[in-house]
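Here the protein sequences come in this chain order: H and G.
Going by the working numbering, the first residue of the first sequence is number 924, and it counts up by one from there.
Going by the working numbering, the first residue of the second sequence is number 924, and it counts up by one from there.
Backbone N, C-alpha and C define an ideal beta-carbon position, used for all residues, glycine too.
Heads up: the structure comes next, in structure tokens.
There are 2 protein chains.
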Amino acid sequence: MRRIVLVLTAVVALAGVVTYAADASEQTDGEAAPIFGVKIPTGYREWRLISVAHEEGNLNDLRAILGNDLAIKASREGKLPYPEGTIIARLAWSYDPLKESEKAFGRLQSFVAGPPKNGVQFMIKNSRKYASTGSWGFAQFDDGKPANEAVHNTCFSCHATVKARDFVFNRYAP
Amino acid sequence: MRRIVLVLTAVVALAGVVTYAADASEQTDGEAAPIFGVKIPTGYREWRLISVAHEEGNLNDLRAILGNDLAIKASREGKLPYPEGTIIARLAWSYDPLKESEKAFGRLQSFVAGPPKNGVQFMIKNSRKYASTGSWGFAQFDDGKPANEAVHNTCFSCHATVKARDFVFNRYAP
Chain H
924 MRRIVLVLTA VVALAGVVTY AADASEQTDG EAAPIFGVKI PTGYREWRLI SVAHEEGNLN
984 DLRAILGNDL AIKASREGKL PYPEGTIIAR LAWSYDPLKE SEKAFGRLQS FVAGPPKNGV
1044 QFMIKNSRKY ASTGSWGFAQ FDDGKPANEA VHNTCFSCHA TVKARDFVFN RYAP
Chain G
924 MRRIVLVLTA VVALAGVVTY AADASEQTDG EAAPIFGVKI PTGYREWRLI SVAHEEGNLN
984 DLRAILGNDL AIKASREGKL PYPEGTIIAR LAWSYDPLKE SEKAFGRLQS FVAGPPKNGV
1044 QFMIKNSRKY ASTGSWGFAQ FDDGKPANEA VHNTCFSCHA TVKARDFVFN RYAP
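Here's what the structure looks like:
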């Protein structure tokens, strides 16, 4: 019995390692973003939803926040800080009125995601690698290409506003 | 070699059946919605994202459209009609200004998902069961309880506006 428990523990531990590796280090072959050296994580569009948002003003987009398994678990539990290997993805699209809904309601009513806009952004937790920026690495990609260094210099200073929430703006939407 | 291929084919086929069953017929134990008899599908909050939206006016919410595997595949490919067993879930939350962002920008800028609002809605494709409503069953649940019959009477007439898109408003957001 003890042996079965040990083997099971080993299998579960190994599964954990494999999951972690898949989450934390699998990146696409593309160019790395400046400063933090982050590449686009493999399969991020398959990740589960953390929350949604709308930015007004110049940004004028609709957004979705997706997370790898570690991010989903941590944001559901609301425990801070986020564990090593957490990756949070911020997707955004043009804020477009839905014509069919305007016709049905007789006024602007529904706004939906149009083409991608304002890039795709990632936050990756690695306390060793990103010690000077709250243990987070940041990256933005526009049409699959990393944004420039100036863009990446703005990430941490803005996220510092929510240092009390481990630098993460979003909260899990149940 | 032929035997291995046969066994593999059987395994893959079985996996397909299991996935389909999990997608199409696993429902929670709760009460069924009126008219269409739909129960809340198991694990829908784990499904992948199709798109996001914002409703103005009285609805005033932020929404996410999630789909089971069949829905994700079909909406990515943009093929109509959606296959049997497709389930689309519409979640919605209160449209809340993000205080930290207002402070940083000096004006209202970011709106994020607050508490759940306007229920959770589902569309389930079953051409045999729902022949009179475009092959779709509709359901809305508020705090896990089915909405009343009057609410369910409005679903199909509104979705009929987008009959040309197989009665589905949303499009996949890449």
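No residue range can be given for residue 1003 of chain H, since it is assigned to no beta strand (DSSP E) and is classified by DSSP as neither H nor E. With respect to the C-alpha of residue 966 of chain H, the residue from G/965, G/964, G/972, G/963 having the closest C-alpha is G/972. At least one beta carbon of chain H lies nearer than 8 Å to the beta carbon of residue 1081 of chain G. With contacts defined by Cβ atoms closer than 8 Å, residue 1037 of chain H and residue 1032 of chain G do not form a contacting pair.
If you keep only unbroken beta strand (DSSP E) runs of at least 3 residues inside the segment 1040-1094 of chain G, you get 1043-1048, 1059-1065.
For residue 977 of chain G, the residues of chain H that pass the 7 Å Cβ criterion are 977, 985, 1034, in the order they occur in the chain. Apart from sequence neighbours up to five positions away, the residues of its chain that approach residue 957 of chain G with a beta-carbon distance below 6 Å are 1072, 1075, ordered along the chain. The beta carbon of residue 999 of chain H lies closer than 6 Å to those of 1095 in the same chain, with the five residues before and after it left out.
The DSSP-derived three-state label of residue 995 of chain H is helix. Distances from the CA of residue 1028 of chain G to each of H/961, H/963, H/1081, H/1045 were compared; the closest alpha carbon is that of H/1081. Among the residues facing chain G, residue 1059 of chain H is not included, as its CB has no counterpart in that chain under 8 Å away. Taking 8 Å as the upper bound for CB-CB distance, residue 1015 of chain H and residue 1040 of chain H are in contact here, some 5 Å apart. For the pair residue 1093 of chain H and residue 986 of chain G, the Cα-to-Cα distance works out to about 15 Å. Residue 955 of chain H is outside the set of residues whose beta carbon lies under 8 Å from a beta carbon in chain G. The Cβ atoms of residue 974 of chain H and residue 988 of chain H sit closer than 8 Å to each other. Among the bridge pairs identified by DSSP, residue 1010 of chain H is matched with H/1047.
Interface flag for residue 1039 of chain G against chain H is set, since a Cβ pair is found closer than 8 Å. Between residue 1024 of chain G and residue 984 of chain G, the CB-CB gap reaches or exceeds 8 Å. The C-beta of residue 1096 of chain G comes closer than 8 Å to at least one C-beta of chain H. Residue state for residue 1023 of chain H is assigned as helix, using DSSP reduced to three classes. Taken atom to atom, the span from the alpha-carbon of residue 1042 of chain H to that of residue 978 of chain H is near 13 Å. Scanning its chain for C-beta atoms nearer than 6 Å, with the 5 sequence neighbours on each side dropped, one finds around residue 964 of chain H the residues 950, 1010, in chain order. By the CB criterion at 8 Å, residue 1079 of chain H and residue 1061 of chain H fall inside the cutoff. Taking a Cβ-Cβ cut-off of 9 Å, the neighbours of residue 974 of chain H in chain G comprise 985, 987, 1016, 1035, 1036, given in sequence order.
Not one beta carbon of chain G lies nearer than 8 Å to the beta carbon of residue 1051 of chain H. Residue state for residue 959 of chain H is assigned as coil, using DSSP reduced to three classes.
Using a Cβ-Cβ cut-off of 7 Å, residue 1085 of chain H is close to 1023 of chain G, given in chain order.
Under the 10 Å beta carbon count, residue 997 of chain H is surrounded by 16 or more other beta carbons and is classified as buried.
In chain order, 1032 make up the part of chain G whose C-beta sits under 7 Å from the C-beta of residue 980 of chain H.
Within chain G, 1035 have C-beta atoms less than 8 Å from the C-beta of residue 1093 of chain H, given in sequence order.
Secondary structure note for residue 971 of chain G: its beta strand (DSSP E) is the uninterrupted segment 971-978.
Residue-level contact check: residue 1013 of chain G does not touch chain H, since none of the beta carbons of chain H fall below 8 Å from its beta carbon.
Among the residues facing chain G, residue 969 of chain H is included, as its CB has a counterpart in that chain under 8 Å away.
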